[in-house]
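What follows is one structure encoded as structure tokens, with my remarks underneath.
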Amino acid sequence: MKRIVLLVAIGVLISASSRGQIDKDLKQSYVSAWSKLIPTQLKIQYAGDMGFLSLGPGWDLGKKRRWEINTFVGFIRETNVSPTHITFTLKQTYKPFRVSLGEKFELEPLTAGFYINKVFGQYFWQRLPDRYPKGYYFWALNTRFNVFLGEAITFRFSKYLSGDTLSLFYEFNTNDLYIISAINNDYLNIMDIINLSFGVKFTFL
Amino acid sequence: MLYSKTHIRIGYAAICLAATFFIGCDMIEYHPYDVSLSQKYSNLNKKSIERIASLGQSSCDDTIRFAFIGDTQRSYDETRDFVKELNKRDDIDFVVHGGDITDFGMTKEYLWMHDILKTLKVPYVAILGNHDILGHGKEVYRSIYGDYNFSFVFKGTKFLFLNTCALEFDYATPIPDYEFLLKEQQRKDGVYDQTVVAMHVQPFDVQFNNNTASYFESQILKFKNPLFCIHAHAHVLMSNDFFSDGLIYYGCDDIHDRSYMVFTVAKGFYTYKVVRF
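Sequence lines, in order, name chains A and B. In terms of our numbering, the first sequence opens at residue -10 and continues consecutively. In terms of our numbering, the second sequence opens at residue -7 and continues consecutively.
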């Protein structure tokens, strides 16, 4: 009887300890999966048809970190006839080249991508309100699709915050409705529909 | 040290210079519907009306001749050609734009269109169209052109310009503005014998407040000798006696189809012509 009890006790202990190991591994993989969602950078952008100022976290993607996904929350300042509007932007950037400029600097001579901007407010609807006949207006007033080309210069922190970088960038952008307007019109040239924005990026992971 | 102070100063100066250049070029835009970019122009209708009034003082001829266009929207090239054509004539007193100046109601569209229309030799007034209201378009219209409803008297004819885009305002704002019509009926200044009424949306269109269509007509008829009404919005030439009372509503084609109307108004009668270019 004593032997049986001992065997059972040992069995329980072994199975408990191995189950603990599995749990640990599972938990570890769960944590590492979620850890990929930790932002690797923070961007602030001025203008660019996404608001006066926009701020938000972003993620560097790809083995060579040539892709970035950014999210922004921005605002359009109030005027005496319009209120403050909050905007949200989802942005995808591709940086095909990287040129090293000495120890401290690095140049990305070309950045390209697109972003979707949403603006929130009374007159900015996503779906045509019910009062209109079907198809009365064809575009969503609150959603603009932008494309951009730009350039960035990156500064590496050597002493403090080693591994972290600070980038300054600018971009030329235009949106779907501006492109539609310029098509079939000689009057509008490319400079009429292109806007300029500036930004700062802090990469910390 | 890799970069000297002079380097940094030169760099800083270059950035400042570039920034001023681009900002000067209107390349900084916070949003396509941002109202703050519209401050370039203001009170255009009022300024045009002042110019029209000064025309009336110098002439002893009582005949009025004006051109009527509408729905310029995305037709920048056609509008530019219209301006070229009209500038060749010297028999036109002013131009009336029947609304839908823009297609999407974006601030830049207003500026692009006015940059074309301001090259007209004669003054022009513009009515608010349903497309012009979208987003913050109506706020931009107000800051560039002025009130949604306005009027003037020229050589004894009263011209009324009315916002009839009821659907855009979700019926929350009274449109047509009968308060405005009442005030205009009671006005003692500006002696006139006949009336011409201009609007963007014609009665019985889905955009019009049709619940009040016959009341609208009755209020128009209270003005002295209403000659005719003009509207845009339909994108085709049309003339309708909507209320079977003899008051004709003329609709112009959009500028994309390269036509405009010319109305000649004299005391007690009028004629009109469609001009293609």
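Even for Gly, the Cβ is constructed at its ideal location relative to N, Cα and C.
With respect to the 9 Å criterion, Tyr170/B and Thr204/B are classified as neighbours on the basis of their beta carbons. With respect to chain B, the C-beta atom of Ala101/A has no partner C-beta closer than 9 Å.
Against chain B, a Cβ distance below 7 Å from Ala36/A picks out Ile20, Glu21 and Tyr22. Sequence-distant partners of Ser89/A (beyond 5 residues in either direction) whose C-beta falls short of 7 Å from its own C-beta, in its chain, are Glu95. Taking all protein chains shown into account, Pro72/A has fewer than 16 neighbouring C-beta atoms within 10 Å of its C-beta and is therefore exposed. C-alpha of Lys190/A to C-alpha of Lys93/A: approximately 16 Å in a straight line. DSSP, read as helix, strand or coil, puts Met105/B in helix.
Taking a C-beta distance under 9 Å as the contact criterion, Phe255/B and Arg43/B do not qualify as a contact pair. For Cys221/B, the beta-bridge partners assigned by DSSP are Val189/B and Tyr241/B. Closest in alpha carbon position to Thr68/A, among Asp26/B, Asp18/B, Asn201/B and Ile247/B, is Asp26/B. Segment contact: the segment 100 to 115 of chain B against the segment 40 to 53 of chain A, fewer than three CB-CB distances shorter than 8 Å; contact not assigned. Considered as a whole, the segment 110 to 157 of chain B harbours 116 to 118, 142 to 146 and 149 to 154 as its complete beta strand (DSSP E) runs of no fewer than 3 residues, in chain order.
Residue pairing of Arg145/A in beta bridges, as defined by DSSP: Thr154/A. Around the C-beta of Lys216/B, fewer than 16 other C-beta atoms lie within 10 Å, and the residue is accordingly described as exposed. Residues of the segment 113 to 132 of chain B with a C-beta less than 7 Å from any C-beta of chain A: Leu126, Gly127, His128 and Glu131, listed in chain order. With respect to the 9 Å criterion, Val189/B and Ile167/B are not classified as neighbours on the basis of their beta carbons. Among the CB atoms of chain A, one or more fall inside 9 Å of the CB of Ile108/B. Contact between Asp124/B and Gly90/B does not hold, since their C-beta atoms are separated by about 11 Å, which reaches or exceeds 8 Å.
As the crow flies, the alpha-carbon of Gly138/B is around 39 Å from that of Gly139/A. Out of Lys147/B, Gln177/B and Phe60/B, the CA that lies nearest to the CA of Lys259/B is found in Lys147/B.
Secondary structure of Val62/A (DSSP, three-state): strand. Straight through space, the alpha carbons of Gly152/A and Lys53/A are spaced by roughly 15 Å. The beta carbons of Ile119/B and Tyr33/B sit no closer together than 9 Å. In the DSSP secondary-structure assignment, Met39/A is not bridged to any residue. Under the Cβ criterion of 9 Å, Val88/A is not counted among the residues facing chain B.
Taking 9 Å as the cut-off, the Cβ atoms of Tyr262/B and Phe220/B count as close. A Cβ-Cβ separation of about 34 Å leaves Gln49/B out of contact with Thr94/B under the 8 Å criterion. DSSP places Phe191/A in the uninterrupted beta strand (DSSP E) bounded by Asn184 to Thr192. Scanning chain B for C-beta atoms nearer than 8 Å to the C-beta of Gly40/A yields Tyr22 and His23, reported in chain order.
Closest in alpha carbon position to Met230/B, among Lys214/B, Pro195/B and Asn202/B, is Pro195/B. Under DSSP, His23/B takes part in no beta bridge, so it has no partner.
Buried is the label assigned to Gln34/A, since at least 16 other Cβ atoms lie within 10 Å of its Cβ. Cβ proximity to chain B below 9 Å picks out Met180, Asp181, Ile182, Ile183, Asn184, Leu185, Ser186 and Phe187 from the segment 178 to 193 of chain A. When only Cα atoms are considered, Val62/A and Phe142/B end up about 40 Å apart. According to DSSP, residue pairing for Asn106/A in a beta bridge involves Thr78/A and Arg133/A. In the DSSP annotation of this structure, the continuous segment of the alpha helix (DSSP H) that includes Val75/B starts and ends at Tyr68 to Asn79.
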